[in-house]
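Some notes on the structure that comes next.
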Amino acid sequence: MKCFNVNDLKYFPEYNWFEKAINYPYDSPENSYTFKNGKFYNGIHTSLKKRIPIISIGSNRSPYQLKNKFGLQQDLCVTPAKLYNSEIVYAASISVYGSIPATQWPKEGSDADLNLLWLTEEQLNIMHLSEGVGIAYDFVELDKSSVVLKEVDYSGPIFGYVSTKGIYTFEGDFPLRLKKIKSNKNTFLSIDEYEALTKLNFQETKGKIGLEKWLKELISHKTKRLKLIKKMLNKSILPKHKYWKVIKINVNGTNIF
Numbered sequence: 007m008k009c010f011n012v013n014d015l016k017y018f019p020e021y022n023w024f025e026k027a028i029n030y031p032y033d034s035p036e037n038s039y040t041f042k043n044g045k046f047y048n049g050i051h052t053s054l055k056k057r058i059p060i061i062s063i064g065s066n067r068s069p070y071q072l073k074n075k076f077g078l079q080q081d082l083c084v085t086p087a088k089l090y091n092s093e094i095v096y097a098a099s100i101s102v103y104g105s106i107p108a109t110q111w112p113k114e115g116s117d118a119d120l121n122l123l124w125l126t127e128e129q130l131n132i133m134h135l136s137e138g139v140g141i142a143y144d145f146v147e148l149d150k151s152s153v154v155l156k157e158v159d160y161s162g163p164i165f166g167y168v169s170t171k172g173i174y175t176f177e178g179d180f181p182l183r184l185k186k187i188k189s190n191k192n193t194f195l196s197i198d199e200y201e202a203l204t205k206l207n208f209q210e211t212k213g214k215i216g217l218e219k220w221l222k223e224l225i226s227h228k229t230k231r232l233k234l235i236k237k238m239l240n241k242s243i244l245p246k247h248k249y250w251k252v253i254k255i256n257v258n259g260t261n262i263f
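Numbered by this note's numbering, the letters in the sequence shown go through residues 7 to 263 in order.
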């Protein structure tokens with residue numbers, strides 16, 4: 007089996023804090039990949055039985071973020087999938103590392119190329135904590151018709167995370183897509199994370215504070231970040247028609263949000 011270089015800067019970049027914020031949601035292979043015994047492999051090289059499939063809509067697609075959350079010693083597997091009737095857009099939130107995160111937005115006829123992360127129960131609890139379940143994201147079960155798997159024969163439930171706060175509209179009453187997430191029906195305008203943060207920074211500071219300094223303040227002071235998120239709710243929209251249902255869960259530990 008082919009082993010990738012874990013020092014490959016494409017998938018494991020050495021970002022500083024600012025680069026991490028503006029490069030969300032990071033690069034991800036189009037094919038399946040596996041973390042196993044500290045190595046990064048092309049393809050499926052661990053059993054997916056008894057694992058829970060999670061649709062990855064943002065940075066959880068990427069080896070870089072999965073290494074941050076779990077480390078390479080965890081046995082993890084990611085397989086490609088297509089999400090139908092949804093676009094991947096910017097949520098009305100700010101992550102602890104300064105990015106405007108992704109969420110899915112119902113849009114009939116749209117589809118996006120994503121992947122599935124196959125987790126053990128223990129790994130799923132870690133993921134819940136990292137996603138701020140119940141605060142930043144809801145844990146959801148997706149309609150079966152909305153996800154098509156590749157490389158895997160599986161017919162059980164598929165889960166994911168959807169923003170509790172809805173989408174952020176920036177201007178107007180429509181969302182903006184994440185440019186790095188491939189969509190085959192570009193219903194909405196797409197921008198990258200740097201552009202999205204620049205727009206939000208200008209709305210908040212009118213250009214009086216540079217992006218890097220402003221982000222540093224948000225990352226360093228949780229109360230300022232939460233205050234901004236509350237303000238963003240004035241320009242947020244929650245979906246009326248959904249292709250998922252919220253799952254109520256109990257999480258063990260302290261979330262990072």
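Glycine is no exception: its CB is placed at the ideal position from the N, C-alpha and C atoms.
Residue i in three-state terms, based on DSSP
i      : result
LEU135 : helix
SER151 : helix
ILE187 : coil
ILE28  : helix
LYS205 : helix
SER226 : helix
ILE235 : helix
GLN160 : Going by the sequence as given, residue 160 is Tyr instead of Gln. Correct three-state label for TYR160: coil.
TYR21  : coil
Cβ neighbour criterion (16 or more within 10 Å) applied to residue i
i      : result
ILE253 : exposed
PRO107 : buried
GLU137 : buried
LYS26  : buried
PRO31  : buried
ILE100 : buried
LYS237 : exposed
LYS16  : exposed
LEU120 : buried
PRO163 : exposed
ASN270 : No answer is possible for residue 270: it lies beyond the span of the chain, which begins at 7 and ends at 263.
SER226 : exposed
ILE187 : buried
SER38  : buried
GLU93  : buried
THR40  : buried
Host beta strand (DSSP E) of residue i (start-end)
i      : result
ALA118 : 108 to 125
ASN91  : 82 to 96
PRO69  : Careful: PRO69 lies outside any beta strand (DSSP E), inside the alpha helix (DSSP H) at 69 to 76.
THR40  : 39 to 42
TYR167 : 165 to 169
For residue i, the first and last residue of its enclosing alpha helix (DSSP H)
i      : result
LYS45  : No alpha helix (DSSP H) holds LYS45; the beta strand (DSSP E) holding it covers 45 to 48.
SER65  : First-last for SER65: undefined, no H or E at that position.
LYS251 : No alpha helix (DSSP H) contains LYS251, which is instead part of the beta strand (DSSP E) from 250 to 252.
Cβ neighbours of residue i in the same chain (closer than 7 Å, five flanking residues each side left out)
i      : result
LYS248 : PRO112
LEU239 : ALA98 and LYS171
TYR143 : GLU137, TYR167, VAL168, SER169 and THR170
ASP33  : LYS16, TYR17 and SER68
GLU223 : LYS230
Residues of its chain near residue i, where Cβ-Cβ distance is below 6 Å and the 5 sequence neighbours each way are ignored
i      : result
ILE255 : PHE145
PHE24  : GLU218
ASP198 : LYS185
TYR96  : ILE106, TYR174, LEU182 and ALA202
VAL102 : ILE262
Sufficient close CB pairs (3 or more, under 8 Å) joining the segment 51 to 64 to the segment 73 to 87: yes
### Message
Quick check: the segment 151 to 163 against the segment 171 to 182, are at least 3 beta-carbon pairs closer than 8 Å?
### Response
no
**Asked** Is the number of C-beta pairs between the segment 127 to 134 and the segment 179 to 192 that are closer than 8 Å three or more?
**Response** no
query = Would you call the segment 39 to 47 and the segment 212 to 222 in contact, with 3 or more CB pairs under 8 Å?
reply = no
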